[in-house]
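Enquirer: Okay, here's the structure, questions in a sec.
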Ligand SMILES: Cc1cc2nc3c(=O)[nH]c(=O)nc-3n(C[C@H](O)[C@H](O)[C@H](O)COP(=O)(O)OP(=O)(O)OC[C@H]3O[C@@H](n4cnc5c(N)ncnc54)[C@H](O)[C@@H]3O)c2cc1C
């Protein structure tokens, strides 16, 4: 792969295998790649679960999607990432919390969310061009446009960076939205019920204390967009 190139992109649904077939509330699930990609592109962090020497670990980390791949990165000394790079089976989740659902009954309290679960094994990225693509994609995933401003990694920094590629192939999305689903017999109870919408919003940026003089705040920092494409998300 050349520097700056990206893995292939397709519109095929994610595969529906025994492990990605929803059983609970299956009407909330989807294998539509556009829905999966929308959630992955809006999220900022993922959780990677896998087995490490008999212990199950779940590691929160940054990521970026490029085409049909998810990239994770860290120091070459990062133990968990190293285990993941060995090709073991892993499960990656991304969760967007959209609201708290307060039902009349304790039993029906819930959350509104959009989430993705991906299964597969990671591949250690060896080629410098793909490593650069991944690192820059992770910057742009944090703040769109950042990769054009940041000093690029030196060959030494690139060697010190471990990049793992996960396939976006075997997985699913699940979406819950709306109000509580109380039992009909509880609807008339004198108890407030409804939902509290949640979203992730950036605060005002704080310049580094030793920032050189005369540097304008980039537009993508000054007007950091709300990370929600909720309006275009699917309903179920
Ligand atoms: C913020 C949040 C809060 C939640 N709170 C609760 C809770 O308190 N109690 C509760 O029971 N459930 C909760 N859920 C739903 C939970 O994630 C599971 O979907 C649910 O528990 C059913 O689990 P299961 O193992 O029976 O799923 P199954 O339907 O048996 O899962 C089979 C397959 O369906 C897919 N799948 C299942 N869940 C998800 C998902 N969330 N996202 C993407 N794909 C999925 C996966 O491919 C999985 O392997 C919550 C989800 C989110 C995102």
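Numbering (our numbering), first residue to last: 1 to 236.
Positions of the beta carbon are idealized from the N, C-alpha and C atoms, including for glycine.
1. Do the stretch 127-142 and the stretch 195-212 touch if we need at least three Cβ pairs shorter than 8 Å?
2. Give me the Cβ distance between residue 260 and residue 173, rounded to the nearest whole Å; I'm assuming they're in contact under 8 Å.
3. Using a Cβ-Cβ cutoff of less than 8 Å, which residues in the same chain neighbour residue 31 once the five nearest sequence positions on both sides are dropped?
4. Could you have a look at residue 26 and say whether DSSP puts it in helix, strand or coil?
5. Would you mind working out which of 78, 149, 185 and 178 sits nearest residue 161, comparing C-alpha positions?
6. From which residue to which residue does the beta strand (DSSP E) around residue 238 run?
7. How big is the Cα-Cα spacing for residue 204 and residue 222?
8. Less than 6 Å between C-beta atoms, sequence neighbours within five positions excluded: which residues of the same chain meet that for residue 82?
9. Can you check which of these residues, 84, 93 and 75, is closest to residue 158 by C-alpha distance?
10. Within this structure, are the beta carbons of residue 101 and residue 110 separated by less than 8 Å?
11. In terms of residues, what are the limits of the beta strand (DSSP E) holding residue 86?
12. In the DSSP assignment, find the alpha helix (DSSP H) that holds residue 132 and state where it starts and stops.
13. When DSSP labels each residue in this structure, what does residue 221 get in the three-state scheme?
14. Using the Cα positions of residue 66 and residue 137, report the straight-line distance between them to the nearest angstrom.
15. Which residue comes first and which comes last in the beta strand (DSSP E) that contains residue 58?
16. Please indicate yes or no: does the CB of residue 173 lie closer than 7 Å to some heavy atom of ligand 1?
17. Determine the burial state of residue 5: buried for a count of at least 16 other Cβ atoms within 10 Å of its Cβ, exposed for fewer.
18. At a cut-off of 7 Å, is residue 179 close to ligand 1 when judged by its beta-carbon and the heavy atoms of the ligand?
19. Taking all protein chains shown into account, decide if residue 104 is buried (16 or more other Cβ within 10 angstroms of its Cβ) or exposed.
20. For residue 112, list the residues DSSP reports as bridge partners.
21. Short check: CB of residue 175 to CB of residue 33, under 8 Å?
22. Between the Cα of residue 61 and the Cα atoms of 51, 46, 70 and 55, which residue gives the shortest distance?
Expert: Once the coordinates are examined:
1. no
2. The requested residue 260 does not occur in the structure, where the chain is confined to residues 1 to 236.
3. Excluding sequence neighbours, residue 31 sits near 13, 14, 15, 16, 20, 171, 172 and 173.
4. helix
5. 78
6. Given that the chain is displayed from residue 1 to residue 236, the structure contains no residue 238 and the question cannot be resolved.
7. 8 Å
8. Sequence-distant Cβ neighbours of residue 82 in its own chain, meaning closer than 6 Å and more than five residues away, do not exist here.
9. 75
10. yes
11. Taken as a continuous stretch (DSSP letters only), residue 86 belongs to no beta strand (DSSP E), as it is neither H nor E.
12. 128-142
13. In this structure, DSSP gives residue 221 a helical state, which the three-state scheme calls helix.
14. 7 Å
15. 55-62
16. yes
17. Residue confidence for residue 5 is low, a pLDDT of 45 falling below 50, so the modelled location carries little weight and cannot support an answer.
18. no
19. buried
20. Paired residue(s): 99.
21. Pairing residue 175 with residue 33 gives a Cβ-Cβ distance that is not under 8 Å.
22. 46
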